[in-house]
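Asker: Using the numbering used here, the letters of the sequence shown correspond one by one to residues 1380 to 1609.
Cβ coordinates follow ideal geometry from the N, Cα and C atoms, glycine included.
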Amino acid sequence: MSISCIIPAYNEAGRIAHVLRVALAHPDITEVIVVDDGSTDGTPEIALATAAGHPVFQLIRQPQNGGKSRAIAAGIKAATGRHLLFLDSDLVGVGQTDLSDLIAPVLEGESDVALSLRRNAPRLWHWIGLDYISGERIMPRALLAEHTDRIANLRSFGLEVFLNRLWIAEGMTVTVVHWPSVDSPLKAQKYGLWAGILADICMLSDMFRTVSPATALRQILALRGMRVPQ
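1. Between Gln1441, Ser1383 and Val1492, which lies nearest to Leu1602 when the distance is taken from Cα to Cα?
2. Please state whether the Cβ-Cβ distance between Gly1454 and Ile1412 is less than 9 Å.
3. Report the partner residues of Arg1606 according to the DSSP bridge assignment.
4. For Leu1356, does the count of other Cβ atoms within 10 angstroms reach 16, so buried, or fall short, so exposed?
5. Going by DSSP, what residues sit across from Leu1438 in a beta bridge?
6. Less than 9 Å between the beta carbons of Arg1497 and Asp1407, yes or no?
7. For Ile1425, which residues in the same chain have their Cβ closer than 7 Å to its Cβ, ignoring the five residues on either side in sequence?
8. What is the rounded straight-line gap between the Cα of Thr1459 and the Cα of Glu1410?
9. Could you check what DSSP says for Ser1418 in three-state terms: helix, strand or coil?
10. I want to know whether the region 1536-1544 touches the region 1590-1602 - three or more CB-CB distances under 8 Å.
11. What do you reckon, are the CB atoms on Phe1465 and Ile1482 nearer than 9 Å?
12. Run the CB neighbour count on Asp1420, radius 10 Å, all protein chains shown included, and call it buried at 16 or more, exposed below.
13. With DSSP run on the structure shown, which of helix, strand or coil describes Asn1499?
14. Between Met1380, Met1605 and Ile1386, which lies nearest to Asp1469 when the distance is taken from Cα to Cα?
15. In the structure shown, what three-state DSSP assignment does Asp1528 receive?
16. Could you compute how far the alpha carbon of Glu1489 sits from the alpha carbon of Ser1513?
17. Check each candidate in Ala1457, Ile1530, Thr1476 and Val1485 and name the one with the smallest Cα separation from Val1607.
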């Protein structure tokens, strides 16, 4: 099974090198694509330096910041793997074992798709056993091939709930993979308190303009029912 790993990045100069090294070194990943979304802090230069000499690496530079959905769409269009692995570029503590655990259920045919449940995901997500807006996912490329233009035109943070919609429509089996040592920095940590609060509000706004709160709840219930027993 060929796997293209797509890492969208915007101003992640301080974090992307670690995530990129882990992806490049993983034996099951056949292609790594970083999509720089108009960064102004040297993120693409760090990605190039980190991946120097790796034949499976590709850097796509977006001319201006267009949001995560547009960056992912550009990565999908460039990908050649049979499966797509999405990784956020700011993950802290992610390692080879975490990627293996996420890939294995799909690689071994135990489920159609898989997504992560990080250590610092909201307690509610741990309680229900599912992070329905997780950015770390693996799925067949064929599922998304006809939707790249639609994805590119989604609001920046409407991607995950759109993917949920596709998974549910296709009746895909889902493995939720616990990542007990992996964190995603809170926006307040990255941008400062008030800027972080504003970023969280914008994220929720994007999500609920893509699907209604009631639809999001139905997605959670549906995905829970699609989980493969572990």
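Answerer: Looking at the coordinates:
1. Counted from its first residue, the sequence shown places residue 1602 at position 223. The closest CA to that of Leu1602, considering only Gln1441, Ser1383 and Val1492, is found on Val1492.
2. In the sequence shown, residue 1454 corresponds to position 75, counting from 1. In the sequence shown, residue 1412 corresponds to position 33, counting from 1. Their beta carbons are under 9 Å apart, which means Gly1454 touches Ile1412 by this criterion.
3. Position 227 of the sequence shown, counted from the first residue, corresponds to residue 1606. According to DSSP, Arg1606 bridges with Val1553.
4. Nothing can be reported for residue 1356: it is not among the residues displayed for the chain, which extend from 1380 to 1609.
5. As a working note, residue 1438 is residue 59 in the sequence shown. DSSP links Leu1438 through a beta bridge to Val1413.
6. Taking the first residue of the sequence shown as position 1, residue 1497 is located at position 118. Taking the first residue of the sequence shown as position 1, residue 1407 is located at position 28. Contact flag unset, no.
7. Numbered from its first residue, the sequence shown carries residue 1425 at position 46. Cβ neighbours of Ile1425 beyond the five flanking positions: Ala1392, Ile1395 and Ala1396.
8. Locating residue 1459 in the sequence shown gives position 80, where the first residue counts as 1. Locating residue 1410 in the sequence shown gives position 31, where the first residue counts as 1. The straight-line gap from Cα to Cα measures roughly 8 Å.
9. As a position in the sequence shown, residue 1418 is number 39, starting the count at 1. Of the three classes helix, strand and coil, the one that applies to Ser1418 here is coil, per DSSP.
10. yes
11. By one-based count along the sequence shown, residue 1465 stands at place 86. By one-based count along the sequence shown, residue 1482 stands at place 103. Cβ atoms of Phe1465 and Ile1482: not closer than 9 Å.
12. As a working mapping, residue 1420 is identified with position 41 in the sequence shown. By the Cβ neighbour-count rule, Asp1420 is exposed, with fewer than 16 other Cβ atoms within 10 Å of its own.
13. Position 120 of the sequence shown, counted from the first residue, corresponds to residue 1499. DSSP places Asn1499 in coil when its eight states are reduced to three.
14. Mapped onto the sequence shown, residue 1469 falls at position 90. Among Met1380, Met1605 and Ile1386, the Cα nearest to that of Asp1469 belongs to Ile1386.
15. By one-based count along the sequence shown, residue 1528 stands at place 149. Annotated three-state conformation of Asp1528 is helix, per DSSP.
16. Locating residue 1489 in the sequence shown gives position 110, where the first residue counts as 1. Locating residue 1513 in the sequence shown gives position 134, where the first residue counts as 1. When rounded, the distance between both Cα atoms is 20 Å.
17. Working through the sequence shown from its first residue, we reach residue 1607 at position 228. Measuring from the Cα of Val1607, the nearest candidate turns out to be Val1485.
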